[in-house]
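A.B. asks: Going down the list, the sequences are from chains W and V.
Last residue of the first sequence? That's 206 in my numbering, and every number before it is there in order.
Last residue of the second sequence? That's 206 in my numbering, and every number before it is there in order.
Glycine included, each C-beta is placed from N, C-alpha and C at the ideal position.
Since we're looking at a predicted model, the values are computed, not measured.
Got a structure for you, questions after.
2 protein chains.
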Amino acid sequence: MPQASGSYHHGDLRAACLSAARDLLEEDGGAGLSLRAVARRAGVSATAPYRHFQDREALVSAVAAEGYRELTGFLAAAHPAPATPDDLAAVAVAYVRFAIEHPALFRAMFAEPCDPDNEERVLATTVITEYVIGIVRRAFPDSEPTDALATAVWALVHGLAFLHLDGKLDASTPEIVADQVRAAVHAMLVASPTAAQMAARSSE
Amino acid sequence: MPQASGSYHHGDLRAACLSAARDLLEEDGGAGLSLRAVARRAGVSATAPYRHFQDREALVSAVAAEGYRELTGFLAAAHPAPATPDDLAAVAVAYVRFAIEHPALFRAMFAEPCDPDNEERVLATTVITEYVIGIVRRAFPDSEPTDALATAVWALVHGLAFLHLDGKLDASTPEIVADQVRAAVHAMLVASPTAAQMAARSSE
DNA sequence: TCCCCAATGTTTGCGGTGCTCACATCGCCG
DNA sequence: CGGCGATGTGAGCACCGCAAACATTGGGGA
Numbered sequence: 003m004p005q006a007s008g009s010y011h012h013g014d015l016r017a018a019c020l021s022a023a024r025d026l027l028e029e030d031g032g033a034g035l036s037l038r039a040v041a042r043r044a045g046v047s048a049t050a051p052y053r054h055f056q057d058r059e060a061l062v063s064a065v066a067a068e069g070y071r072e073l074t075g076f077l078a079a080a081h082p083a084p085a086t087p088d089d090l091a092a093v094a095v096a097y098v099r100f101a102i103e104h105p106a107l108f109r110a111m112f113a114e115p116c117d118p119d120n121e122e123r124v125l126a127t128t129v130i131t132e133y134v135i136g137i138v139r140r141a142f143p144d145s146e147p148t149d150a151l152a153t154a155v156w157a158l159v160h161g162l163a164f165l166h167l168d169g170k171l172d173a174s175t176p177e178i179v180a181d182q183v184r185a186a187v188h189a190m191l192v193a194s195p196t197a198a199q200m201a202a203r204s205s206e
Numbered sequence: 003m004p005q006a007s008g009s010y011h012h013g014d015l016r017a018a019c020l021s022a023a024r025d026l027l028e029e030d031g032g033a034g035l036s037l038r039a040v041a042r043r044a045g046v047s048a049t050a051p052y053r054h055f056q057d058r059e060a061l062v063s064a065v066a067a068e069g070y071r072e073l074t075g076f077l078a079a080a081h082p083a084p085a086t087p088d089d090l091a092a093v094a095v096a097y098v099r100f101a102i103e104h105p106a107l108f109r110a111m112f113a114e115p116c117d118p119d120n121e122e123r124v125l126a127t128t129v130i131t132e133y134v135i136g137i138v139r140r141a142f143p144d145s146e147p148t149d150a151l152a153t154a155v156w157a158l159v160h161g162l163a164f165l166h167l168d169g170k171l172d173a174s175t176p177e178i179v180a181d182q183v184r185a186a187v188h189a190m191l192v193a194s195p196t197a198a199q200m201a202a203r204s205s206e
């Protein structure tokens, strides 16, 4: 039985820590995310989280993994099976929108080199990588090396997200952002046959 | 006269701190960069750097600003006045190469929201922004709203850099990386008229 | 020339943090 | 029902950012 209030054992401290970490990330940014603050917020002693996370890095990796899963779901919600450039652009807009709406989480997901020892995190990043590649592969099954195109599209969208986060682009309204993203993605996709061609040539 | 070894005054502690910070960044990554470690490495008491940097954030901002200037120089060295898509691709390759060769510095430059109160940093980011935009503007003076195209190209390159840093792309050899970047940039640039057109349409 | 003072570096100290280790408490299973 | 493993606690260490009071110096005005 979880939720035993006032009892010695918490019930589901791991989930409580993740939730607290998410809150702290939104409120104070990445710097404010400390194990002690998480413990305080969960109403537990400072060292209790160590029963569930090997160290701070493991905690943020777990949060990041959660973020990857959420992002994947968010993209799927934007369009379940994108096929046309418009569909893909909608997914791209969702990607950038996610970054803008969860800046600290997005940074936690990408700001630091992914710890290769953390299985959960590696798995989560693999999932989203495959997902993004798969989207483009399915949308453009005819072009031979779609991975190059997928890479380019993903990089474009990822870069747009980061430049927005860093305030380098006009993000005053969601519509402006969406228009920018759509324009860029369309430009990229119009060139898709050429992209495939060049990638094929350069990899010979 | 600086460099007075053994003397009470250091000579040029500010520069020594920046240098030490750069070294620490390369060696231990962003997490290892502490004011105290910088002070130790400069052979000075823990709080001496505070005479030259208001706080830790000011220190990393100064390092980041230095990084922006270096990156700008690196891009200029790759091609002083890029005009053709090949030229632009060379600059893009240099951008990604810089990120891969100085991962911690690159992350310091972009991982955190730019402090708008730090004049030096704001100035440095403005410089590189203008530089990148200017490159594309000069290379494609005919397309009307070049900013949209410049944004797309920059985002693409920036995204490629980050995906490489995060180990999401094959970066086993510099040649592979360069080929990927060239292919992606060429794909983008081939579509440039369309990009300009769509940006114009979407901003009406 | 000399001396004073502002710039620069030092010391001490506070509160916060990550992490370890010994200990306390509890639930479950034999 | 009794003990054992899982979970939470507390004390403690080293490090960190930062502030305030103090020490040292070198250069510029008398």
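Is it right to say residue 88/V is buried, meaning 16 or more other beta carbons lie within 10 angstroms of its own, or is it exposed?
C.D. replies: exposed
A.B. asks: Who are the neighbours of residue 116/V on chain W, taking C-beta pairs under 7 Å?
C.D. replies: 168 and 169
A.B. asks: Does the stretch 58 to 74 of chain W come close enough to the stretch 149 to 164 of chain V that 3 or more CB-CB pairs lie under 8 Å?
C.D. replies: The stretch 149 to 164 of chain V, when compared against the stretch 58 to 74 of chain W, does not touch it at the 8 Å Cβ threshold.
A.B. asks: Out of 54/W, 166/W and 127/W, point me to the one whose CA is closest to residue 106/W's CA.
C.D. replies: 166/W
A.B. asks: According to the neighbour-count rule (16 or more other Cβ atoms, all chains shown, within 10 Å of its Cβ), is residue 182/W buried or exposed?
C.D. replies: Label assigned to residue 182/W: buried.
A.B. asks: With DSSP run on the structure shown, which of helix, strand or coil describes residue 56/W?
C.D. replies: coil
A.B. asks: What's the call for residue 143/W, buried or exposed, on a 16-neighbour Cβ count within 10 Å?
C.D. replies: exposed
A.B. asks: If contact is defined by three or more beta carbon pairs under 8 Å, each pair taking one atom from either stretch, is the stretch 93 to 100 of chain V in contact with the stretch 154 to 165 of chain V?
C.D. replies: Remark: three or more beta-carbon pairs, one from each stretch, lie closer than 8 Å, so the stretch 154 to 165 of chain V and the stretch 93 to 100 of chain V are flagged as touching.
A.B. asks: On the three-state DSSP scale, how would you describe residue 98/W?
C.D. replies: helix
A.B. asks: Considering only residues of the same chain and omitting the five flanking positions on each side of residue 197/V, which have a CB-CB separation below 7 Å?
C.D. replies: Since pLDDT at residue 197/V reaches only 42, below the 50 mark, its modelled position is unreliable, and no value is offered.
A.B. asks: Quick check on residue 161/V - is its C-beta less than 7 Å from some C-beta in chain W?
C.D. replies: yes
A.B. asks: At a CB distance below 7 Å, what residues from the stretch 94 to 118 of chain V approach chain W? Give them in sequence order.
C.D. replies: Flagged, chain order: 109, 112, 113, 115 and 116.
A.B. asks: Taking C-beta to C-beta, are residue 117/V and residue 36/V nearer than 7 Å?
C.D. replies: no
A.B. asks: Threshold first: 4 residues or longer. Then list the alpha helix (DSSP H) segments lying entirely within the stretch 110 to 139 of chain W, N to C.
C.D. replies: none
A.B. asks: Measuring straight from C-alpha to C-alpha, what distance separates residue 57/V and residue 120/V?
C.D. replies: Taking the straight line joining both Cα atoms gives about 11 Å.
A.B. asks: Residue 178/W to residue 139/V, Cα distance in whole Å?
C.D. replies: 21 Å
A.B. asks: Our contact map puts residue 39/V next to residue 15/V with C-beta atoms below 8 Å; I'd like the distance itself, whole angstroms only.
C.D. replies: Contact doesn't hold; Cβ gap of about 15 Å is too wide.
A.B. asks: Give the residues of chain W in contact with residue 158/V, contact being defined as C-beta atoms less than 7 Å apart.
C.D. replies: 154, 157, 158 and 161
A.B. asks: What residues in its chain sit with their C-beta under 7 Å from that of residue 134/V, if we drop five residues either side in the sequence?
C.D. replies: Contacts found: 152 and 156.
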